[in-house]
Amino acid sequence: MPAKGAHVDVIVGGGIVGLSIAWRMARAGRAVTVVDPAPASGASYAAAGMLAPVSEVTYTEAPLLRLGMASLRRWPSFAAELAVDAGLTGRNEDALATVGSVSDGTTRSGDGDPGTTAEVAGLGEFGGPAIGDAARRGLDLRADGTLDVAFGADDLAALDELAAFMDKLGLPVERLTGRECRRLEPMLAPSVRGGLLAPGDAWVDPRRVTAALLAALERMRVPLVRARAAGLLRDEDGRVAGVRLEPPTAAPGTPREGSEPLSELRAERVVLAAGAWSGELAEVPVRPVKGQIMRLRSPQPLLSRCVRGTVHGSYVYLVPRGDGELVVGATQEELGFDTRVTAGGLYELLRDARELVPGVTELEIADVVAGLRPGTPDNLPIIGPSGTPGLVLATGHYRGGVLLAPLTAALVLGDVGDSSSLSEVGDLGGEEGRLAALCSPGRFQEIS
């Protein structure tokens, strides 16, 4: 256990956000420990991994679009560096599937519209050599665009309105007829009426990313404590000074004092990245939003790019994996901490997916899972210093945890800096400072 007063950061949460923060901190030379009872098994495990800020834009979420585009631009370098640190270069990347634990050790102008052509012009450079072969294979990172299709007349009318909105924002999308959509994706149903192609969108396999992050942390000798954080430790001044732990099952080799399990971890600062469970440790307006998802297996790929669509007003997406799997998702259910996979949820997904791509019903079911997205009142993440010194927040990413992981890690690391107090903003300035302001915890007065 770190000695009292030691300059150690504790990251509570071992999903893609928490692991990305820990990795970036370790890369920067900071002493860091990750606390999570079952890392890489929550929302990150269930996620489809779409890196699609353009095709996911909505009329009321322009700030989220801005955050997403800024993070998407970071993904190529993020993935390339992770591939190196995880040892993916020059080895069989499929070995990542066996990584499950970490052993012990120790821009652009943002003043205009969020979607101006100047801001998004760089998205077209995402693919090709910028990704790198190791990241492309090891993380299944692909940049072949997203095709958003409409099934019926009403869906087509809604898509036309969305296309006009995107055009006002200057977003790089191409309007397609139904025939043009089927030329790109021959397995689409004849009833598809039209679509929008967002060529700059990408996607990645979150399970491979979290496995790579765990491998990188292991190689960097970053401790992982497999325990649940039961509460925050505070000093006499009210500053957060660490976390209390439920009885843990530590990774092999994790140091303990004597033969007793760890009961607490002292830290200079705590980064709360516990997703939907963040509210158990701090007063943050984060709620669980259930999402059921399924993975289908095919000997031959049905699709070459991510396909999203609305079928009679119901939304569905299909994401192809490099290994032949096809991810179909996802429901959005306000049911609290319910992670049951239900027949009704899977039926809705297959029903709508079949309308768009009839061949999905012939595929083998490889996996079904339900995860809990951490939603906030405005659908924006909560990133930055809390109202309590010693506590920084990185939670509430809702549907965008995978997309926003690189940007979140950068903002947290910039906020932490070398200061001794997380009540300070740190050295963020320019566009990063403006992005940080969009997701500042200060917009919710109740956070402490």
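Each residue of the sequence shown is one higher than the one before, starting from 202 at the first, in this note's numbering.
For each residue, glycine too, the CB sits at the ideal point set by N, CA and C.
The structure displayed is predicted, hence computed values, not measured ones.
Non-local beta-carbon contacts of Arg496 in its own chain, meaning distances under 6 Å to residues more than five positions away in sequence, involve Glu526, Val528, Ala567 and Asp568 in chain order.
In this structure, Trp224 sits near Val423, with a CB-CB distance shorter than 9 Å. In its chain, beyond the 5 residues on either side, Ala281 have a beta carbon closer than 6 Å to the beta carbon of Gly333. Collapsing the DSSP output to three states places Asp568 in a strand. Pairing Leu370 with Leu266 gives a Cβ-Cβ distance under 9 Å. The straight-line gap separating the alpha-carbon atoms of Arg600 and Ala284 is approximately 24 Å. Distance between Ser641 and Gly615, taken at the CA atoms: about 13 Å. Its Cα nearest to that of Ile494, the residue Val570 stands out among Val570, Ala468 and Arg470. Annotated three-state conformation of Thr609 is helix, per DSSP. By the neighbour-count definition (other C-beta atoms within 10 Å, threshold 16), Phe538 is an exposed residue. Taking 9 Å as the cut-off, the beta carbon of Leu557 is found no closer than this to the beta carbon of Ser272. Under the Cβ criterion (8 Å, minimum of three pairs), the segment 506 to 519 counts as touching the segment 340 to 348. Here Glu386 is buried. Its C-beta has 16 or more other C-beta atoms within 10 Å.
Ser515 is bridged by DSSP to Val512. Counting every other CB atom within 10 Å of its CB across the protein chains shown gives Tyr548 a total below 16, marking it as exposed. Under DSSP, Arg383 forms no beta bridge with any residue.
In the structure shown, Pro575 falls within a strand segment according to DSSP collapsed to helix, strand and coil. Bounds of the alpha helix (DSSP H) holding Thr411 are Pro407 to Arg420. Gln533 and Leu550 have their C-alpha atoms spaced approximately 11 Å apart.
Contact between the segment 578 to 590 and the segment 224 to 241 is absent: fewer than 3 CB-CB pairs across the two stretches fall below 8 Å. Of Arg574, Pro391 and Leu466, the smallest CA-CA separation from Val209 is found for Leu466. Taking all protein chains in view, the Cβ of Ala413 is crowded by 16 or more other Cβ atoms within 10 Å, so the residue is classified as buried. Judged by DSSP secondary structure, Arg488 falls outside any alpha helix (DSSP H) and instead within the beta strand (DSSP E) spanning Arg488 to Arg498. Contact between Val235 and Ala430 does not hold, since their C-beta atoms are separated by about 11 Å, which reaches or exceeds 8 Å.
Per the C-alpha coordinates, the member of Ala416, Met226 and Arg470 positioned closest to Asp436 is Arg470. Taking Gly546 as the centre and dropping the five residues before and after it, the same chain places the C-beta of Gln493 and Thr532 closer than 6 Å to its C-beta, in chain order. For Ala249, the closest of Gly631, Met270 and Arg574 by C-alpha to C-alpha distance is Arg574. Around the Cβ of Ala595, a 10 Å sphere holds 16 or more other Cβ atoms; the residue is buried.
Gly439 sits away from Thr540, with the two beta carbons spaced by 9 Å or more. Residue environment: His598 is assigned as buried (16 or more neighbouring CB atoms within 10 Å of its CB, all protein chains considered). Taken through DSSP and simplified to helix, strand or coil, Arg343 comes out as strand. For Gly572, the closest C-alpha among the options Gly602, Gly443, Ser278 and Pro502 is that of Gly602. With a threshold of 16 other beta carbon atoms within 10 Å, Glu563 falls short and is exposed.
Cα atoms of Leu348 and Ala403: separation of roughly 11 Å, rounded to the nearest angstrom. Nearest C-alpha to Gly523 among Ser499, Val512, Glu535 and Leu289: Ser499. Bridge partners of Ala232 according to DSSP: Val209.
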